[in-house]
Amino acid sequence: MTGVWVVLAVLAAATVLGFLLRGRDGRVRRSKPAADLPAQVRDLIDPASPVTLVQLSTTFCAPCRHTRVILSDLASRTDGLEHRELDLTDMPEVATSLKVLRTPTTVAYGPDGAELLRVGGVPRRDVLVEALRPHLA
Amino acid sequence: MSASQIDPRGPRFGAWITTVVLAVVLATGWWPLLAAQTVVFAIGGFLGLQHAPYGLLYRRFVAPRLGPTDEREDAAPPQFAQTVGFAFALVGTVGYVSGLTVLGTVATALALVAAFLNAAFAFCLGCEMYLIIRRFAPATGK
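Keeping their order, the protein sequence lines are chains A and B. Under my numbering, think of the first position of the first sequence as 1, with each following residue one higher. Under my numbering, think of the first position of the second sequence as 1, with each following residue one higher.
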């Protein structure tokens, strides 16, 4: 009988985890500036653009595709906003130095390479636009 | 690696079956069922999703009732998740068979959490955590 209780406890825990993960999805976080920006990321930042969104993806990430669609559309409609994508599948060391644990993670950089904010999971368009507004003005 | 596109409802259907199977294993500790699930994971993960047993069930019996969809998703993420499931199910089976019941229970419970999140929340834990997995197993073959 204990086995059934174990199953129920595991499913309850998984349900809580599911709602937590769903709640975190698309939330904007302000992050401390990274000391050393990896060259792969630095090369992507457009020094002429006020904000570059660097989307970190892997081959094995289904929501990365949705994120790509949202961000490339947003960037094409927004002045001063660029979107780049970096596939970390074969460079986990870049993920380590950026402290990225899940994909997609989108990091917004200023023209000088300063990290402005980051978003885990599929970004919510309105939330992201609001958070980027002061940096695009 | 195949760049093939699949009906995203297929892996969701498979995740529900996997959830039920793993729940039964966890409740009963009946290791032959976990061994069978390990084989199912291995087929989907290593031979490709087009051979995955639950995928065959989906295409044969479920898809015709649901009707066609234009929605497509990349096959690589769910296929990778099958190999992660395989690793956990294998450890779980070894645990139950060798008498390390705690190991079997923990591995099965973790696999159940991942399958349930996939089924109920469409959240592919193995896919999003690829970078963490990669840190522990740097030589993951593709």
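Ideal Cβ placement from N, Cα and C applies to all residues, glycine included.
Between the segment 23–33 of chain B and the segment 54–67 of chain A, the count of Cβ pairs shorter than 8 Å is below three; the stretches do not touch. DSSP places residue 8/A inside the alpha helix (DSSP H), whose first and last residues are 2–24. The Cβ atoms of residue 49/A and residue 118/A do not sit closer than 8 Å to each other. Nearest to residue 126/A by alpha-carbon distance, out of 84/A, 71/A, 114/A, is 71/A.
For chain B, the residues of the segment 82–93 of chain A that bring a beta carbon within less than 9 Å of one of its beta carbons are 88, 89, 92, in chain order. If you ignore the 5 residues before and after residue 58/A, its C-beta comes within less than 8 Å of the C-beta of 64, 87, 88, 89, 103, all in its own chain and listed in chain order.
Between residue 106/B and residue 92/B, the alpha-carbon positions lie close to 7 Å from each other.
Those residues of the segment 6–39 of chain B placed with their C-beta closer than 7 Å to a C-beta in chain A are 23, 26, 27, 28, 29, ordered along the chain. A direct Cα-to-Cα measurement between residue 137/A and residue 78/A gives close to 11 Å.
Residue nearest to residue 81/B within the set 20/B, 130/B, 13/B, 6/B is 130/B (criterion: CA-CA distance). According to DSSP, residue pairing for residue 93/A in a beta bridge does not occur.
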